[in-house]
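What follows is one structure encoded as structure tokens, with my remarks underneath.
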Amino acid sequence: MEHIKNDILDYLKDSSFMDANIGLKDNDSLTQNGIMDSIGLLELMDYICEQYSIEIPEDMLTPENFDSLQGITDLIVKLAK
Amino acid sequence: MPIMDMQLMDTQIMDKLNGDIEKLAMELRGFIKDHVVGFKKKGVVIGVSGGVDSAVTLTLSVQELGKDNVYGLLLPEKESAPSSKTLGAEICENLGVSYEEVPISPILESLDIYEKKDQIIKRTCPEYDPEIHKTSLVLPDFLNQGLLNVPYIKLIKDGESVGKYRLKANDYLELIGLQNVKQRSRMIVQYMYAEKMNYAVCGTTNKTEMVLGQFVKYGDGGVDIEPLADCYKTRVYALAKYLNVNEEIIRRPPSADTWSHYTSDEDFYWRMPIHVMDQLLYGQEHQLPLEVIEKNTGLSGETILKAQRHIDRIKDTTEYVRVAAPICSLDS
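Here the protein sequences come in this chain order: P and C. My numbering puts the first residue of the first sequence at 34, with every later residue one more than the last. My numbering puts the first residue of the second sequence at 4, with every later residue one more than the last.
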């Protein structure tokens, strides 16, 4: 699980509006902290699907699953099983 | 409880949105006249879409400026609903306004817009056949499912939905760029006529659209005046009733009308009924307590908070659409 979290964190540092010098806690909101907007979210979904060879069912496209590092990591773990 | 607080708690949002319509119509007519005169123009050009916003704008303009100083433009393209043209022509004729139909399909064809759009749909939806499928861009319902703003292409055959595919980010961005050429082409044509006639271009964007960034920058947002931009859509409907706009126009589901399958704004933009969206926006604007919004909308506090966060995300994403190009002001 930890390597997935680190991978997503690296992705956010490279591809989002996240300030790489500021620490991100596991449950910090990505939207409320200005790290991710709706387009960034679509790009993240594409990255997850490609990187982990998974499809995300429509009913899992909830703010809870995508608004924090922990939520995203849990989702990938669940779908990659 | 102080009287002010009690009044706040009793706020009936729909009454506020539907109230004082006669006074509002007068104020809007005055606004149109003041700005047309202020810009030293002789009248207005209006793009008439067959929708309620342009019908209200056209009616108010005719009432204030006279039918001889208003010019209607019907600007259909290959994917427009046929009713857009017939309802647009009908309201111009009923008001005695001169109008002209200028199809924008040749502009779009010259830029390969339809072909490029088809290519995106084909790579997103493997079974897509332009001969048999109509298409539409939709977002999941928000109020019942609380899902994120994730766009899907829907395939429709013989009026029935036969497939739905999530768009990739790059394809979505390209598609929006292609689709927006439609509104931007209309803007070019409107200015071509307005400048020839020494008229101003009168916009039809309402406040719901303005707040949510639901218009195309330098497209339908590229105009000289915006009379309706401080009136929520619900208020535009109240104006339409007051002005006796054709019932068929009032009943027609609002739409940008840019997909071969008629896609309502409720399916793509608001993701909830317009009266709910407007009450939420009004509640946010006037900082109404949560319990007042609960009482007005019938929604739970939890759903309202989720919806408000959803609205905030939309506002955040569309901020750049609303702002004029920032200027680097120099001191000297």
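Just so it is clear, CB atoms sit at the ideal spot from N, CA and C, and this is done for glycine as well.
What does the Cβ neighbour count give for Y323 (chain C), buried or exposed, with the cut at 16 atoms within 10 Å?
Taking the first residue of the second sequence as position 1, residue 323 (chain C) is located at position 320. Burial call: exposed.
Taking the C-alpha atoms as reference points, what is the distance between I191 (chain C) and L178 (chain C)?
Counting from one through the second sequence, the residue named residue 191 (chain C) turns up at place 188. Counting from one through the second sequence, the residue named residue 178 (chain C) turns up at place 175. The straight-line gap from Cα to Cα measures roughly 20 Å.
Should the segment 129-142 of chain C be regarded as contacting the segment 260-273 of chain C, the criterion being three or more beta carbon pairs within less than 8 Å?
Counting Cβ pairs under 8 Å, three or more are found: they touch.
Give every residue of the same chain whose Cβ lies closer than 7 Å to the Cβ of D100 (chain P), excluding the five residues on either side of it in the sequence, and list them in chain order.
Taking the first sequence and counting its residues from 1, one reaches residue 100 (chain P) at position 67. Around D100 (chain P): S62, L63, T64.
According to DSSP, simplified to helix, strand and coil, what is S49 (chain P)?
Counting from one through the first sequence, the residue named residue 49 (chain P) turns up at place 16. S49 (chain P): coil per DSSP, three-state reduction.
Is the segment 267-282 of chain C touching the segment 70-79 of chain C, taking contact as three or more C-beta pairs under 8 Å?
Flag = no, the segment 267-282 of chain C and the segment 70-79 of chain C do not touch.
So, with DSSP's three-state summary, where would you put Y102 (chain C)?
In the second sequence, residue 102 (chain C) corresponds to position 99, counting from 1. Strand, per DSSP.
Just to make sure I have the definition right: I need the residues of chain C whose C-beta is within less than 7 Å of the C-beta of L74 (chain P). Which are they?
Taking the first sequence and counting its residues from 1, the one referred to as residue 74 (chain P) is at position 41. Going along chain C in sequence order, the residues near L74 (chain P) (Cβ under 7 Å) are L151.
Is I81 (chain P) closer than 9 Å to L45 (chain P) when the C-beta atoms are compared?
What you label residue 45 (chain P) is simply residue 12 of the first sequence in a count that begins at 1. What you label residue 81 (chain P) is simply residue 48 of the first sequence in a count that begins at 1. In this structure, I81 (chain P) does not lie closer than 9 Å to L45 (chain P) by Cβ.
Can you tell me where the beta strand (DSSP E) holding K44 (chain C) begins and where it ends?
As a first step, residue 44 (chain C) must be located in the second sequence, where it is residue number 41. First-last for K44 (chain C): undefined, no H or E at that position.
Comparing alpha-carbon positions, which option in C:K171, C:R254, C:A243 lies nearest Y155 (chain C)?
Walking along the second sequence from the start, residue 155 (chain C) turns up at place 152. Answer by Cα proximity: C:K171.
Any Cβ of chain P within less than 9 Å of the Cβ of D319 (chain C)?
Here residue 319 (chain C) corresponds to residue number 316 of the second sequence, with the count starting at 1. Output row for D319 (chain C): interface = yes.
Evaluate contact between the segment 50-62 of chain C and the segment 229-236 of chain C, counting only Cβ atoms and requiring at least three cross-stretch pairs below 8 Å.
Touching, yes, given that three or more Cβ pairs across the two stretches are closer than 8 Å.
Using a Cβ cut-off of 9 Å, pull out every chain C residue sitting near E91 (chain P), in sequence order please.
Locating residue 91 (chain P) in the first sequence gives position 58, where the first residue counts as 1. Chain C residues near E91 (chain P): P143, Q148, L150, V153, Y155, K167, R169.
DSSP on K185 (chain C), reduced to helix/strand/coil?
Within the second sequence, the letter at position 182 stands for residue 185 (chain C). Reduced to three states, the DSSP call for K185 (chain C) is helix.
With H, G and I counted as helix, E and B as strand and the rest as coil, what does DSSP make of R32 (chain C)?
Here residue 32 (chain C) refers to the residue found at position 29 when the second sequence is read from its first residue. Helix.
Tell me the DSSP secondary structure of E76 (chain P) in three-state form.
As a working note, residue 76 (chain P) is residue 43 in the first sequence. E76 (chain P): helix per DSSP, three-state reduction.
Take the Cβ of C331 (chain C) as the centre, count every other Cβ of all protein chains shown within 10 Å, and call the residue buried at 16 or more, exposed below.
Within the second sequence, the letter at position 328 stands for residue 331 (chain C). With fewer than 16 Cβ atoms within 10 Å of its Cβ, C331 (chain C) is classed as exposed.
At a Cβ threshold of 9 Å, is T95 (chain P) touching chain C?
Numbered from its first residue, the first sequence carries residue 95 (chain P) at position 62. Yes, contact with chain C.
Decide if M34 (chain P) is buried, meaning its Cβ has at least 16 other Cβ atoms within 10 Å, or exposed.
For the purposes of this step, residue 34 (chain P) is taken as the residue at position 1 of the first sequence. Under this definition M34 (chain P) is an exposed residue.
Grab me the residues of P133 (chain C)'s own chain with a C-beta within less than 7 Å of its C-beta, minus the 5 sequence neighbours each way, in chain order.
In the second sequence, residue 133 (chain C) corresponds to position 130, counting from 1. Around P133 (chain C): D121.
Express the C-alpha separation of K114 (chain P) and G104 (chain P) in angstroms, rounding to a whole number.
On the first sequence, residue 104 (chain P) is found 71 positions in, with the first residue counted as 1. On the first sequence, residue 114 (chain P) is found 81 positions in, with the first residue counted as 1. Cα to Cα, G104 (chain P) sits roughly 16 Å from K114 (chain P).
Assuming the contact rule is C-beta atoms closer than 8 Å, K244 (chain C) and L181 (chain C) should be a hit. Round their C-beta distance to whole Å, please.
Taking the second sequence and counting its residues from 1, one reaches residue 244 (chain C) at position 241. Taking the second sequence and counting its residues from 1, one reaches residue 181 (chain C) at position 178. Rounded, the Cβ-Cβ distance is 36 Å, inconsistent with contact.
Let's test the definition: count the other Cβ atoms within 10 Å of the Cβ of I296 (chain C) and tell me whether it reaches 16, buried, or not, exposed.
By one-based count along the second sequence, residue 296 (chain C) stands at place 293. By the neighbour-count rule (16 or more Cβ atoms within 10 Å), I296 (chain C) is buried.
If I'm right that P276 (chain C) touches S267 (chain C) with Cβ under 8 Å, what's the distance once you round it to whole angstroms?
As a first step, residue 276 (chain C) is located in the second sequence; it is residue number 273 there, counting from the start. As a first step, residue 267 (chain C) is located in the second sequence; it is residue number 264 there, counting from the start. About 11 Å; that fails the 8 Å criterion.
Taking 7 Å as the limit between beta carbons, can you name the residues of its chain near Y235 (chain C), skipping five residues before and five after?
On the second sequence, position 232 is the one that residue 235 (chain C) refers to. Cβ within range, chain order: L20, N209, K210, T211, D281, L284, Y285.
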